[in-house]
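By the count of my numbering, the sequence shown reaches residue 339 at its end, each step adding exactly one. All residues carry an ideal CB built from backbone N, CA and C; glycine is no exception. Nothing here was measured: the structure is a model prediction, and the numbers come from that model.
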Amino acid sequence: MKIVILSRKSKTYFNDKFIEAANRYSNSNLEIKILDPFACQLYLENNESSLFYKDQVITNIDLVIPRINGSSIDYGISVIKHFEKTSAKIINGSEILAKCKNKFEILQKLQAIEGIKIPKSVMIKSPKELKSAISFVGGLPVVLKMSYDNNKSLGFILINDINCAESFLDMNFMLDNFTQIGQSVIVQEFIDNSLGKSVSHLFLGGKIILSYINKLTIVNNMGCPPINPEIPDITELSDHTKNLIIKIAEKFQLEFGIISILESSLGPFVFEVNPLPDVEKFEKIHKIDIVSKLINYIACNIRD
């Protein structure tokens with residue numbers, strides 16, 4: 036089986052671990068190439084399409100695993116669409132990557148699924164709109180997050196003070212002016228009776244393989260992530276939660292990724308679908324060999 040990992044860097048935790056685990060896999064016949072999407076040349080002519088990598092044509096690929104984000108996501112999606120014209124199987128194809136590159140668009144897609152609750156959310160483009168956005172979602176505290184995930188922004192934060200909120204926005208918009216990524220800010224209600232607790236579910240091939248609790252605590256009016264996340268037993272998840280996760284995965288066509296849910300007395304609120312999970316974080320914090328599970332899934336379900 037010929038496998039392509041689409042990644043801007045050849046040496047990453049995931050790439051190294053995947054190659055190492057593939058070499059250990061019994062009866063392994065896996066040939067792995069790591070391609071930088073920015074070095075791919077996409078050729079079109081009438082009914083013909085070809086993909087070249089450093090001037091060499093790429094053919095007979097059985098499986099593509101995207102590991103792209105940030106500034107590489109748009110061109111990477113175009114590369115994946117080219118692979119989709121062939122017989123190659125894609126772990127999370129161009130459609131789900133396009134759906135999930137913008138966090139507000141994820142919420143829009145979730146809103147369209149019957150029976151799914153999402154937190155009240157407002158997207159703004161200017162810090163001048165912050166105060167009115169906070170009032171729209173019910174007042175402080177609020178969660179602030181940038182619309183795109185990348186290493187040039189400060190991610191998300193739980194804030195209970197308007198001055199801290201303004202500082203967060205000023206810093207992120209200043210970074211965005213330098214990078215020209217086109218960030219917006221999402222102002223989201225804090226689900227009070229969730230006590231800052233969300234559960235992230237790692238999903239692979241129709242099954243939940245890991246669930247863990249994130250609980251933010253407010254220190255100096257700002258939210259802090261947990262040092263040691265709690266890991267609930269998957270068997271303790273209610274049938275309703277399991278069915279909800281499976282339903283979302285099916286609607287998004289998610290094969291491998293994370294679905295994050297806020298549990299509250301008002302029911303579950305879904306706020307994130309991530310088709311590009313941070314495997315290194317999961318493996319190091321939760322001591323679970325996710326890459327081997329992925330390889331086993333590939334070997335059992337995908338034929339060359």
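Nearest to residue i (by Cα), restricted to the options the options
i	options	result
valine 114	Asn336, Leu77, Gln143, Ile337	Leu77
asparagine 64	Thr47, Lys37, Lys89, Lys46	Lys37
phenylalanine 87	Ile103, Phe49, Leu70, Tyr183	Leu70
aspartate 51	Asp227, Val326, Leu142	Val326
glycine 141	Lys46, Ala57, Ile283, Cys335	Sequence inspection shows isoleucine at residue 141; the glycine mentioned does not correspond to that position. Minimum Cα distance to isoleucine 141 is reached at Ile283.
isoleucine 93	Val39, Glu55, Lys322, Ile248	Val39
serine 246	Lys322, Ile221, Cys199, Phe287	Lys322
phenylalanine 304	Tyr110, Asn228, Asn195, Asp324	Asn228
serine 161	Ser170, Ile221, Tyr183	Ile221
leucine 279	Ile243, Lys166, Cys75, Ala200	Ile243
glycine 240	Ile197, Lys120, Ser85, Asn336	Asn336
aspartate 205	Met181, Ile151, Ser235	Met181
serine 235	Lys120, Phe139, Thr276, Ala123	Thr276
lysine 68	Gly128, Lys46, Leu289	Lys46
serine 299	Leu329, Lys250, Gln91	Lys250
lysine 152	Phe317, Leu301, Lys328	Leu301
Alpha-carbon spacing of residue i relative to residue j, whole angstroms
i	j	result
glycine 173	isoleucine 159	16 Å
lysine 163	tyrosine 48	40 Å
isoleucine 293	isoleucine 125	17 Å
isoleucine 148	valine 178	23 Å
phenylalanine 53	aspartate 109	24 Å
serine 42	leucine 193	31 Å
lysine 319	leucine 237	15 Å
tyrosine 332	proline 154	33 Å
phenylalanine 287	isoleucine 131	6 Å
proline 176	phenylalanine 225	6 Å
aspartate 324	isoleucine 281	22 Å
asparagine 186	lysine 44	The predicted model places asparagine 186 with a pLDDT of 45, which falls under 50 and marks its position as unreliable; any figure quoted below should be read in that light. Between asparagine 186 and lysine 44, the C-alpha separation is close to 15 Å.
For residue i, the residue or residues it bridges with in DSSP
i	result
cysteine 75	Tyr88
isoleucine 221	Met158, Lys180
glycine 292	Phe238
For residue j and residue i, believed in contact at Cβ under 8 Å, the rounded distance
i	j	result
serine 219	isoleucine 296	Incorrect: roughly 23 Å between the Cβ atoms, too far for contact.
glutamine 291	asparagine 127	The sequence as given places phenylalanine at residue 291; glutamine does not occur at that position. Between asparagine 127 and phenylalanine 291 the Cβ distance is about 6 Å, and since that is below 8 Å, they are a contact.
Report task. Mind the definition here: the stretch 135 to 145 touches the stretch 299 to 310 only if three or more C-beta pairs lie below 8 Å; say whether that holds. Result -> yes
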